[in-house]
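Here is the structure we will look at, set down as structure tokens.
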Amino acid sequence: MNRKLIAAIDTPDLARARDLIAQVAPHCGLVKLGLEFFLHHGPMGYRRAAEGVPVFLDLKLHDIPNTVAGGVRALLDLAPKLLTIHAQGGARMVAAAAEAAAQLGPERPKILAVTVLTSLGAPDLAEMGVTGEVSAQVLRLARVALENGADGLVCSAHEIAALRAEFGARRLLVVPGIRPTGTALGDQTRVMTPEEAVAAGADYIVVGRPITGAPDPGRAAAEIAASVA
Ligand code: C5P
Numbered sequence: 000m001n002r003k004l005i006a007a008i009d010t011p012d013l014a015r016a017r018d019l020i021a022q023v024a025p026h027c028g029l030v031k032l033g034l035e036f037f038l039h040h041g042p043m044g045y046r047r048a049a050e051g052v053p054v055f056l057d058l059k060l061h062d063i064p065n066t067v068a069g070g071v072r073a074l075l076d077l078a079p080k081l082l083t084i085h086a087q088g089g090a091r092m093v094a095a096a097a098e099a100a101a102q103l104g105p106e107r108p109k110i111l112a113v114t115v116l117t118s119l120g121a122p123d124l125a126e127m128g129v130t131g132e133v134s135a136q137v138l139r140l141a142r143v144a145l146e147n148g149a150d151g152l153v154c155s156a157h158e159i160a161a162l163r164a165e166f167g168a169r170r171l172l173v174v175p176g177i178r179p180t181g182t183a184l185g186d187q188t189r190v191m192t193p194e195e196a197v198a199a200g201a202d203y204i205v206v207g208r209p210i211t212g213a214p215d216p217g218r219a220a221a222e223i224a225a226s227v228a
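Residue numbering for the sequence shown follows numbering that gives the first Met the number 0, beginning at 0 and increasing consecutively.
Rendered as structure tokens:
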């Protein structure tokens, strides 16, 4: 078991999610459920799939502050350990999400902000009026999030050093785009191995297909967990 490992359970199929979680949960700190699963199965499906297992709920909330706060409050019954919002919602939206989560006290979900989606490049940002380096926009949005109550960020392994230099060691950095040596990249491009990402300063690594697509997902998770122990 390694608490740094988060297994991404990306499937719309409830029975498969339950089966995968049963196999991988003994080896990971958390399992990640995302928008597709949650929109198919809702809170009931979440409970059925992840009973007793700590969850990173990756819904990337983004709306006006009042609506996001209401959304966070609606999720508190499920008590996810980590919950994502978009930093692009702005300072007041981040603060509203953090305040809503704080209602649960020490057991509150930690709020993670997404900065620039990894699917966006400089031309996409320019189209939206954001010129300059993507990395500069990542830092700007990270500052908005971390100065307004977010506990941490979802970021690429390649952004860790700059974010640590700017914001220090106490922020949670949760890092997808992880590929153990010899596994397929899929649609990920700028990847790091689990060992490299943890050495670079990731608090958590998020691994999906190298686990869920393996012939024995439990074993794959156990091997990755051991590699970063
Ligand atoms: O299968 P794979 O390991 O690529 O899965 C990574 C997980 O992390 C997926 O659930 C994906 O949606 C998520 N993610 C990502 N890149 C981001 C944010 C989230 O790959 N920037």
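All C-beta atoms in this analysis are idealised placements derived from N, C-alpha and C, irrespective of residue type, glycine included.
heavy atom of ligand 1 below 7 Å from residue i C-beta
{"i": "L116", "result": "yes"}
{"i": "V227", "result": "no"}
{"i": "V153", "result": "yes"}
{"i": "A144", "result": "no"}
{"i": "P175", "result": "yes"}
{"i": "V205", "result": "yes"}
{"i": "D18", "result": "no"}
{"i": "D9", "result": "yes"}
{"i": "R208", "result": "yes"}
{"i": "K109", "result": "no"}
{"i": "K3", "result": "no"}
For residue i, the three-state DSSP class (helix, strand or coil)
{"i": "I159", "result": "helix"}
{"i": "G207", "result": "coil"}
{"i": "T83", "result": "strand"}
{"i": "R189", "result": "coil"}
{"i": "A201", "result": "coil"}
{"i": "A6", "result": "strand"}
Among the options, the one whose alpha carbon lies nearest that of residue i
{"i": "A112", "options": "K31, R189, F36 and A97", "result": "A97"}
{"i": "R170", "options": "E158, L184, A14 and A149", "result": "A149"}
{"i": "L60", "options": "I223, A73 and A183", "result": "A73"}
{"i": "Q87", "options": "R15, T114 and A156", "result": "T114"}
{"i": "A160", "options": "G200, A95 and L34", "result": "G200"}
{"i": "V23", "options": "A228, S226 and D215", "result": "D215"}
Closer than 8 Å to chain D by CB, residue i
{"i": "N1", "result": "Protein chain content of the structure displayed is limited to a single chain, and chain D is not contained in it."}
- Message: Suppose only complete runs of 3+ residues qualify. What are the beta strand (DSSP E) ranges in the region 112-184, listed by chain order?
- Response: 151-153 and 171-174
Taking three-plus beta-carbon pairs below 8 Å as touching, is the region 124-137 in contact with the region 172-183?
no
I want to know whether the region 197-216 touches the region 4-23 - three or more CB-CB distances under 8 Å.
yes
Report yes or no: do three or more beta-carbon pairs, one from the region 193-206 and one from the region 9-20, lie closer than 8 Å?
no
Give, in chain order, every unbroken run of the alpha helix (DSSP H) that is at least 4 residues long and sits entirely within the region 11-98.
13-23, 34-49 and 64-74
- prompt: Is the region 76-96 close to the region 47-64, with three or more CB pairs under 8 Å?
  reply: yes
I want to know whether the region 152-168 touches the region 185-201 - three or more CB-CB distances under 8 Å. yes
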